[in-house]
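Presented below is the structure to which this report refers.
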Amino acid sequence: MFKHINGSNKLIRQIKQEGILTKQQLKTLTKKVKRENRYLSEVLLEDITLPHEEILKVLSEFFNLPIVALKEKRVSPIILNLIPKEVAEQYSVIIFKKVKNVIYIATVSPENKQIIEFIRKKTGLEPKIFITTPREIKLALQRYKSEISEEFAKIIEDGVKEAIDSEEPAERMAQYLPIIKMVNSIIEQALSRNASDIHIEPQAKKVNIRFRIDGILHTILELPKEILPSLAARIKIISNLKIDEHRIPQDGRCQFTYGDREIAIRVSVMPTLHGPKAALRLLEPEKKQFTLVKLGLNRRDFHLLKNEIKAAQGMILVTGPTGSGKTTTLYSLLQMLNSDKINICTIEDPIEYGIEGINQTQINPKTGLTFANGLKSFIRQDPDVIMVGEIRDAETADIAINAAMTGHLVLSTLHTNNAFLAIQRFVEMGIQPYLIASVTNIIIAQRLVRKLCLNCRSAIRSPEKFIGDYNNFFDLKKTFNKLKKLNLLPSHTNFEDVIFYRPKGCPKCNHTGFQGRIGIYEVVKVGDELRKAILKDYLEQTVKKIALGQGTLTMAEDGLLKVFSGRTTIDEVLRVTQE
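Heads up: the sequence shown begins at 1 in UniProt numbering, then just goes up one per residue.
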């Protein structure tokens, strides 16, 4: 029996009656459908040697469904985004129109009732089905980015023209449709490129729009200066800020719907020499999954953290600069601990993502709620686990250490360049070395490197010369052998077998050569030997010497592990570790 369809024999009979395929062609198709367990219509339409026009007519009559030519349709990016691109590609199905509560779906497999039902439930809209070819759907998806670019350019052009031509005040202009569409379109464009932040930056004679993608800022637009008042006013309106306040910084939040995605946007507006600068952080709580597995930890560090997180008390510290992924690491650790058997409390600045089952509090210095006094209050809330967003001063450090000594597991962050400096930083705050040594379980330092696009990465042809160029920074062969000795690389591989890659660029990665980011780590376990040493000498070099002797990897070494496995480049590791 053919896949999920009892009427396949009827369809074959109708094709025979029309005389559009030979007996041999039908026999070959029948075998392919059975062998690959696929839909008959899908197999018919994907074979480029068959007459698609005639087949489409037969399918249209058989299923009583209209045919659609997608090449004649200009599909809105918002409509395309009603279903994930991956679903569209896998099942050769696309939404090309929406009228009120009805969506128009083009498919090559009208028999596939499951995918139609999935789309109906996902969108909450009623489907109207059309038949098309796999090629039509593929071309429509390929046009996706150019459609966005054309539509984006037109919306920006209309918004700029409205702002320049109008004599209305900015507050009123911000309510006009062209300005509303322009701001919405900038946010949509950022989301379509997987940007984490939008920067709107006034200069002397222009306004720059930049997106942060995989940790790197890219200039997307340069707009005339006249657009700034309307643009800034619109951003203030959607984030509930005071439109007429231009002298002091303001922070706000708003929600944005993009297709079926709900995006939380954190907004910061700052007065500058050339006018208000806005930074928008794009957060997607439903998309974010906090798990240790997804952090990119190597096998050794993963198992070390997995074991140490079970401790009933003590302190786990995560260090690194802003934007290095510390919050994601902390949330992943909390999610691992999260259960109805323990009480987890956090105090953060700000709360980036809400986690079900965890009691999260945001600091508010205006009302006197700081990390220090929030932490004091939490001790009276009978917590098992406490997460402090950041230890910034001696008072917070002192309270956190006392909590860690009295039956609580405390997680927090610290600003140091590496894990080995964390103890020294505490001492500089005025904390006694014996206190730090007694409560600290694990210190993690981290950075984020961009991952090579697997679709277009390019192997380096002359690795000998390439390796020589980096000898001043790393001993690549020595590091390879260390990683192999620690069983972090396959035992049968040799350094000479390593393939190094460079970024190339393709439509899939927006021609950057990179797609997504991954962490590189230093994970230091504070065991008995290190505790004893800290009492005598807490300085960076001493801590580092002992930790490395116990098998700890530096961030650079962990980064090179990702280089040897083809996931990133040496330049990326250098970019984030040579500070």
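Note that beta-carbon positions come from the ideal geometry of N, C-alpha and C, so glycine has one too.
By the Cβ-count criterion, Thr-367 is exposed, with fewer than 16 other Cβ atoms from all chains shown falling within 10 Å of its own Cβ. Distances from the CA of Thr-132 to each of Thr-107, Leu-414, Ile-460 and Lys-138 were compared; the closest alpha carbon is that of Thr-107. Per DSSP, the continuous beta strand (DSSP E) segment holding Lys-206 begins and ends at 206 to 213.
Approximately 11 Å separates the beta-carbon atoms of Ile-401 and Leu-375; this is outside 8 Å, ruling out the contact. Ser-192 is not a Cβ neighbour of Ile-155, given a cutoff of 8 Å. His-246 sits exposed, since fewer than 16 C-beta atoms from the chains shown fall within 10 Å of its C-beta.
Short of 8 Å from the beta carbon of Lys-206, and not among the five residues preceding or following it, lie these beta carbons of its own chain, in chain order: Glu-222, Leu-223, Pro-224 and Lys-225.
Annotation for Phe-564: Phe-480, Leu-483, Leu-489 and Val-498 place their beta carbon closer than 8 Å to its own, counting only its chain and skipping 5 residues before and after. Annotated three-state conformation of Leu-488 is coil, per DSSP. For Gln-515, the enclosing beta strand (DSSP E) begins and ends at 514 to 525.
With respect to the C-alpha of Asn-343, the residue from Ile-179, Pro-321, Arg-210 and Met-387 having the closest C-alpha is Met-387. At least 8 Å separates the beta-carbon of Lys-545 from that of Ile-442.
Within the same chain, Ala-394 come within 7 Å of Gly-430 by CB-CB distance, once the 5 residues on both sides are set aside. The beta carbon of Pro-276 is closer than 6 Å to those of Ala-232 and Val-269 in its chain, skipping five residues each way along the sequence. When the Cα atoms are used, Glu-117 and Thr-554 turn out to be separated by approximately 50 Å. It is roughly 41 Å from the alpha-carbon of Phe-152 to the alpha-carbon of Leu-414. Here Ile-423 really is in contact with Ile-534; their C-beta atoms are around 6 Å apart, less than 8 Å. Look at the beta carbons and you see the region 492 to 512 touching the region 444 to 464: at least three pairs across the two are nearer than 8 Å.
Judged by DSSP secondary structure, Val-318 falls within the beta strand (DSSP E) whose first and last residues are 314 to 319. Taking every protein chain shown into account, the CB of Glu-529 has fewer than 16 other CB atoms within 10 angstroms, so this residue is exposed.
In this structure, DSSP gives Phe-290 a state outside helix and strand, which the three-state scheme calls coil. In the three-state reduction of the DSSP assignment, Asp-349 falls in the coil class. Counting along the chain, Arg-120 sits inside no beta strand (DSSP E); it lies in the alpha helix (DSSP H) bounded by residues 113 to 123.
The way I'd put it, the region 432 to 447 doesn't touch the region 510 to 518; fewer than three beta-carbon pairs between them come closer than 8 Å. Within the DSSP secondary-structure output, Asp-251 pairs in a beta bridge with Ser-268. If you check the CB distance, Ile-309 and Leu-283 do not come in under 8 Å.
Nearest to Leu-435 by alpha-carbon distance, out of Lys-236, Arg-531, His-274 and Ser-412, is Arg-531.
Taking one beta carbon from each stretch, the region 87 to 102 and the region 33 to 41 have fewer than 3 pairs nearer than 8 Å; the two do not touch.
In the DSSP annotation of this structure, the continuous segment of the alpha helix (DSSP H) that includes Ile-534 starts and ends at 528 to 536.
In the structure shown, Ser-60 adopts helical secondary structure according to DSSP, grouped into three states. Cβ-Cβ distances below 6 Å link Gly-566 to Tyr-501 in the same chain, with the five nearest sequence neighbours on each side left out; the list follows chain order. Across the structure, Ile-467 and Lys-504 are spaced so that their CA atoms are roughly 19 Å apart. Under the three-state reduction of DSSP, Asp-393 is assigned to coil, being neither helix nor strand.
Pro-383 is classed as buried because its beta carbon has at least 16 other beta carbons within 10 Å across all chains shown. The bridge partners DSSP lists for Asp-197 are Arg-212 and Arg-281.
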